[in-house]
Amino acid sequence: MPINYYIVLALALFSIGIVGVLTRRNAIIVFMCIELMLNSVNLLLVAFSKMQAAKNAAVTVAGTDGQLFVFFIMVVAAAEVSVGLAIIVMMYRNIHSVDINF
Amino acid sequence: MSITQILFWILTVAALFSAIMVVSSKNPVHSVLWLVATFFAISGHYILLNAQFLAIVNIIVYAGAIMVLFLFVIMLMNLNKSAEPIKNRWLQIVGIVSGGCLLLVLVAALRNTEVAKNIAEVNTGDAGLIKNLGKELFTTFVVPFEISSILFLSAMVGAVVIGKKD
């Protein structure tokens, strides 16, 4: 599969995430669109790692570091979601709304 | 057209459609469920690229844990009534146009690059198998792996401190 299909798919997902961040007012949905952007970058990293594995096929570990970067992005995203949702809950408790231009 | 290409196009259409539904659905609970569908489509792409470890981790961590956390928060706040105040119509149009402009510029910049001629191998290759990834993770990347445990500990403490009723 040519790599530019994967690049265009990841760019489309990233742009949909940006449109969601710019057009929605619910803080939780804005946060979910940020998760969508993170996932599109993950998909692109996996596609590039498989591209590296195809280019130097003699090395068995070619491309594993790209997939480990995806693993670390998932780790950071999990930590970020827990703290971010705690902040949103605190905001809801104080002003009784999750509207971002209150 | 081989079966791999057919699966690629089906998964692509599913991912893009459910991503658009995440942005455009009024009810936040529906948004979360469409985002779970997007993550399943992306996991299907990972399986197609033979990155099986990441596919399983994506389903377990993202679709299983993080999205359930989102669902919990939405249901605890009782936000599942679709009474969100919508933005000004002009602001919505400007947001859609600027996102489309970003997509257009990036795709146009991609057209003449060298990297676009390469091939990502699908269906074969053992770079994504858990044996190779585990070996690499516990030799080369062992220090970031241990640091990420400290990151999790600090995130847990931070979430408890922020969420505590004072």
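Chains as they are written, first to last, in our numbering: chain P, 468 to 569; chain E, 1483 to 1648. C-beta atoms are modelled at their ideal positions from N, C-alpha and C, and glycine is treated no differently. Bear in mind that the values here come from a model prediction, so they are computed numbers and not experimental data.
In the DSSP assignment, what residue or residues form a beta bridge with Asp566 of chain P?
P:Asn493
Phe1535 of chain E to Ile1612 of chain E span [Cα, whole Å]:
6 Å
Spell out whether any CB of chain P is found under 9 Å from the CB atom of Val1624 of chain E.
no
For the alpha helix (DSSP H) containing Ala1649 of chain E, list its first residue and its last residue.
The shown model of chain E, from 1483 to 1648, leaves out residue 1649 of chain E, and the question about it has no answer.
Assign Arg1593 of chain E to one of two classes, buried (16 or more other C-beta atoms within 10 Å of its C-beta) or exposed (fewer than that).
exposed
I want to check one thing, is the minimum distance from the CB of Ile1492 of chain E to the heavy atoms of the ligand HEM below 8 Å?
Inclusion of the ligand HEM in the displayed structure is not the case, the ligand content being empty and no account of it being possible.
Going by other Cβ atoms of all chains shown within 10 Å of its Cβ, with 16 needed for buried, is Val565 of chain P buried or exposed?
By the Cβ neighbour-count rule, Val565 of chain P is buried, with 16 or more other Cβ atoms within 10 Å of its own.
Under the rule that 16 or more other beta-carbon atoms within 10 Å means buried, what is Pro469 of chain P, buried or exposed?
exposed
List the residues of chain E whose Cβ lies closer than 8 Å to the Cβ of Ala521 of chain P, in chain order.
Asn1600, Ile1601, Ala1602, Glu1603, Gly1607
Cα-Cα, which of P:Phe539, P:Ala524, P:Glu502 is closest to Ile483 of chain P?
If we check each option's Cα against that of Ile483 of chain P, P:Glu502 comes out closest.
Neighbourhood of Ala1501 of chain E by C-beta distance below 6 Å, restricted to the same chain and skipping five residues each side:
When the five nearest sequence neighbours on each side are left out, the beta carbons in the same chain lying within less than 6 Å of the beta carbon of Ala1501 of chain E are those of Thr1520, in order along the chain.
Nearest-angstrom beta carbon gap, Val475 of chain P and Val1495 of chain E [assumed within contact, 8 Å]
Not really, about 13 Å apart at Cβ, beyond 8 Å.
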